[in-house]
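*Asks:* In the numbering used here, the protein residues as written are 101 to 526.
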Ligand SMILES: *Cc1c(COP(=O)(O)O)cnc(C)c1O
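#1: To the nearest angstrom, report how far apart residue 302 and residue 475 are at their CA atoms.
#2: What does the alpha-carbon distance come out to for the pair residue 111 and residue 130?
#3: From the DSSP output, in three-state form, read off residue 251 for me.
#4: Going by the beta-carbon positions, is the gap between residue 358 and residue 128 smaller than 8 Å?
#5: For the alpha helix (DSSP H) that contains residue 491, what are its first and last residues?
#6: Near ligand 1, which residues have their beta-carbon closer than 5 Å to a heavy atom?
#7: Could you check which residue in 236, 240 and 251 has the C-alpha nearest to that of residue 224?
#8: When DSSP labels each residue in this structure, what does residue 193 get in the three-state scheme?
#9: My assumption, with CB atoms under 8 Å, is that residue 463 sits in contact with residue 477. Please give the rounded CB distance.
#10: Whose C-alpha, out of 244, 135 and 318, is nearest the C-alpha of residue 291?
#11: CA-CA distance, residue 444 and residue 430?
#12: Note down, one range per segment and in chain order, each alpha helix (DSSP H) of at least 4 residues found wholly within the stretch 158-208.
#13: According to DSSP, is residue 221 part of a helix, a strand, or is it coil?
#14: Using the three-state DSSP reduction, which class does residue 393 fall into: helix, strand or coil?
#15: Assuming contact is defined by CB atoms lying nearer than 8 Å, are residue 318 and residue 348 in contact in what I supplied?
#16: Look at the alpha carbon of residue 457 and the alpha carbon of residue 354, and state the distance between them as a whole number of angstroms.
#17: Just confirm the distance between the C-beta atoms of residue 362 and residue 306, as a whole number of angstroms; I'd bet it's less than 8 Å.
#18: Step through the CB atoms of chain D and report whether any lies within less than 8 Å of the CB of residue 164.
#19: Count the other CB atoms, across all protein chains shown, that sit within 10 Å of the CB of residue 146; report buried if there are 16 or more and exposed otherwise.
#20: Tell me which residue opens and which closes the alpha helix (DSSP H) that residue 136 is part of.
#21: Take residue 371 as the anchor and find which of 472, 505, 116 and 487 has the nearest alpha-carbon.
#22: Just tell me which of 383, 494, 404 and 488 has its CA closest to the CA of residue 204.
Next comes the structure, spelled out in C-alpha cells:
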C-alpha cells in the first residue's frame, strides 16, 4: 500500500521526516493512519490539482482541509500576498487590514457585531470558551459527540456510552478535572441536551457545536434541532457558540447560521477566512465581546494576530468569492457531483451526504445523523477505495471521518473524471 516509488524523493523525505517529526507529520490525520500506507509529499498545487514531489498530479478533494475554496494558488490571493509582503510581514501595531477584515466579517456573518482575529481555529475556539466562561461566570461547557473544535483541552472530550456521564479525556495530557467540566451529548438529540440542562440548570456557560458537523464525515442538523438548542440556551442563560471554522464562508457568505436562520451569541471562524494562511477569528454580540481585555477581565492576545499577510490573503479570497458569486457556483458543482454519484450507489450499502461544496460518502447504508451512525462505516472498505482512487489520480481525505471539499476551480471535467473513477471502484 506504500504510495512511494522505491528510492524516490518522496520515500527519502518520509524516512527523514520520521526521524525528526513525531509520526512524520505536523498534524496527525496527514499520517494516513485511517487508511494505511504512507503519505506523499506535495510541493506544488494549482486550481483543483496537487502535484507530488515526484511530479505526479492528483485531483484534490481535500483543499488543504477546507481553506482552498477558490482552489489552490488563486491568482488574486497570490497577488495580494505578494503586494502586501513587500511592505512588511508583521507590525504588531494596528494595521488597516484589521479594520477591513473586521468590517467584512460583521457585514457577512449575521450574528457578529464585534470580532477578534487569532492565528488558528483552535485558538479561536479556546478564546471563545474562555470568553463564555468569563462573561457568564459559569464553568460547564456542553459539546456534541463527533463535533471537533480543534485541540482545545476542554473540548477534546466525548461521552462514553452514557451521554450524561461526566466527560473522560479523549487525549492523554488533558486533566480529568478540566474534562469533567465538559458534558457531551449525541448530535440531533435534543432530549439528551435537555437532560444535561436539567442536571446543571445554572452551571452551563455555553453550548458549542458545529451547526453542520463536518469532522466525522458530514451530517446535517435535523429540522428544529438548532432552534431547540438555542431555546434551551436562552431559557437557561447559557451562551450558544457556533463553531463555523469549517462552514463559515464555505456554505454561504454568512455560513451555516445564514442558511439555517439562527443567531448564535458567539461564532468561531477559520479556514476559508485565511485564504490558506494561518488565521482564525471569534466574534459575536458586542456586549459579550466587550468582556475581552483591554476593555474587560477576559485575557486574550496574540503576537501575530491580525497579521497583514494572512488578512490580505483572506480578504482577497472573500472579495473574489463575492465578485464571482462563488457560493451559487459551488452549489451547482456540488449538485453535479451528487447527480453522478447517486445512481452509482443506488441499492448499495453507501450513504452520500452533501451540502453545498462539502460532501461525504459513508461506507454504511445509513441513515447517518450522528457519530454513532457514522462509526458503523466499513473503514477497511473505505481504505481500499481511498487507495484505488489515489492510484487513479484522485485524492480524497485519508479518513472515512472527514468531509470532501469542492472548490470553484473544480472543472466539470474534473468532477466527471472523479465520478468515472468512483464508478469503477464502487
Ligand atoms: C479545523 C477546525 C477547527 C480547528 O482549526 P485549526 O485551524 O485546525 O486549529 C476547529 N473547529 C472546526 C469546526 C474545524 O473544522
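We put the CB at the ideal spot given by N, CA and C, even for glycine.
*Replies:* Once the coordinates are examined:
#1: C-alpha separation (whole angstroms): 33 Å.
#2: About 15 Å.
#3: Residue 251: coil per DSSP, three-state reduction.
#4: One thing to note: residue 358 has its Cβ no nearer than 8 Å to the Cβ of residue 128.
#5: The continuous alpha helix (DSSP H) containing residue 491 extends over residues 479-491.
#6: Residues with a Cβ closer than 5 Å to any heavy atom of ligand 1, in chain order: 220, 221, 222, 249, 250, 310, 343, 345, 346 and 370.
#7: Ranking 236, 240 and 251 by Cα distance to residue 224 puts 251 first.
#8: In the structure shown, residue 193 sits in coil (DSSP, three-state: anything other than H, G, I, E or B).
#9: About 5 Å; that satisfies the 8 Å criterion.
#10: For residue 291, the nearest C-alpha among the options comes from 244.
#11: So the alpha carbons of these two residues sit roughly 22 Å apart.
#12: With a minimum length of 4 residues, the continuous alpha helix (DSSP H) runs that stay inside the stretch 158-208 are 175-185 and 196-208.
#13: In this structure, residue 221 counts as helix in the three-state DSSP scheme.
#14: It is coil, neither helix nor strand.
#15: Taking 8 Å as the Cβ cut-off, residue 318 and residue 348 do not qualify as a contacting pair.
#16: Going from the Cα of residue 457 to the Cα of residue 354 covers about 15 Å.
#17: Here residue 362 is actually not in contact with residue 306; their C-beta atoms are around 15 Å apart, not less than 8 Å.
#18: Judged by its chain identifiers, the structure shown contains no chain D, having just a single protein chain.
#19: Per the 10 Å Cβ criterion, exposed.
#20: Element bounds for residue 136: n/a, residue is neither H nor E.
#21: Measuring C-alpha to C-alpha distances from residue 371 to each of 472, 505, 116 and 487 identifies 505 as the nearest.
#22: It is 383.
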